[in-house]
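Scroll down for the structure; my scribbles are underneath it.
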Amino acid sequence: MKIKLSRLLIAGIVAIGPLVIVHAAGPQTVITDTEGSELTQKALFYYNSPLEEGLQTAFEYAKEAVEKNPNDIVSHRLLGNMYYHGKGVEANHEEALFHYLQGADNDSVSAYMAGKMYLNGEGTAIDIDTGADLVKQAADMGETLAQYELAQLSLDQAEVESNPQMKHNLEKSALHYSKLCAEKKNTGCMTVLGRIFEKGLAGMPVSVDSANQLYEMARK
Numbered sequence: 062m063k064i065k066l067s068r069l070l071i072a073g074i075v076a077i078g079p080l081v082i083v084h085a086a087g088p089q090t091v092i093t094d095t096e097g098s099e100l101t102q103k104a105l106f107y108y109n110s111p112l113e114e115g116l117q118t119a120f121e122y123a124k125e126a127v128e129k130n131p132n133d134i135v136s137h138r139l140l141g142n143m144y145y146h147g148k149g150v151e152a153n154h155e156e157a158l159f160h161y162l163q164g165a166d167n168d169s170v171s172a173y174m175a176g177k178m179y180l181n182g183e184g185t186a187i188d189i190d191t192g193a194d195l196v197k198q199a200a201d202m203g204e205t206l207a208q209y210e211l212a213q214l215s216l217d218q219a220e221v222e223s224n225p226q227m228k229h230n231l232e233k234s235a236l237h238y239s240k241l242c243a244e245k246k247n248t249g250c251m252t253v254l255g256r257i258f259e260k261g262l263a264g265m266p267v268s269v270d271s272a273n274q275l276y277e278m279a280r281k
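Counting in our numbering, the sequence shown tops out at residue 281, every number present.
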């Protein structure tokens, strides 16, 4: 039986709360990508500056970068962040969503941001199916936050699912995504994976020792 992803996310991801803009490998306000044009590099330099004037300059360089190269995913994500938070420009969620969508096919972070905005109805009407698809796309592209959310929500849904086949499919989804992000040392994913081993879910043999090892790693 095929799982409709929106069923997993509608009760969970939407309930998580307001979108928090983060970079997959860094602090909330810092982007450290090294690819892109000279304009993009200048935009990144000024974006990471502590000065307000630096943010305004970063915005201008990023705008120029995407005008010259509409496929510049780093500058699109940068503009998405700036429009979302009102950094260097007046906050505009519609513009933020537009820029995240421009990079979503090739950038897991942009796909995740766009997905969360659809789920929360930020800059657009709430669209569970589109938002869920984008979050799953981000997870499949390697975005750790998306992988963790899918793992956690799949497991939570499996625990209350009465249909045996659906329950098994949800457990398999939880196993798949928790393994992916546990390998990247995500402590939440280690905990989800530990629960799977502890209870012998998704066809896995019960292994309390493995579960305890994962819980211990998650606490460090």
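Cβ coordinates follow ideal geometry from the N, Cα and C atoms, glycine included.
In terms of Cβ geometry, G192 and G203 do not form a close pair [threshold 7 angstroms]. Take the alpha-carbon of E113 and the one of A119: they are about 10 angstroms apart. Within the segment 177-201, no alpha helix (DSSP H) run of at least 4 residues lies entirely inside it. Judged by their CB atoms, C250 and A212 are nearer to each other than the 7 angstroms cut-off. Between S98 and A126, the C-beta gap is smaller than 7 angstroms, which places the two residues in contact. Remark: C-beta atoms of M174 and Y161 approach each other more closely than 7 angstroms. With a cutoff of 7 angstroms on beta-carbon distance, T185 and V135 are scored as not near each other. Per DSSP, the continuous alpha helix (DSSP H) segment holding P225 begins and ends at 225-243.
Excluding sequence positions up to five before and after V150, its CB lies within less than 7 angstroms of the CB of F120, M143, Y144, all in the same chain and listed in chain order.
Only residues of its own chain outside the window of five on either side were considered, and among them V267 have a CB closer than 8 angstroms to the CB of K260, listed in chain order. Of the candidates A152, N224, S271, N132, N132 places its Cα closest to the Cα of Q163. Around the C-beta of V269, fewer than 16 other C-beta atoms lie within 10 Å, and the residue is accordingly described as exposed. Around the Cβ of F258, a 10 Å sphere holds 16 or more other Cβ atoms; the residue is buried. CA-to-CA, the gap between H137 and L116 works out to about 15 angstroms.
Your pair Y209 and N181 does not check out as a contact, with CB atoms roughly 18 angstroms apart and the cut at 8 angstroms. Within the same chain, Cβ atoms closer than 6 angstroms to the Cβ of H154 are found at E183, G184, the five residues on either side in sequence being excluded. Assigned with DSSP and collapsed to three states, L206 falls in helix.
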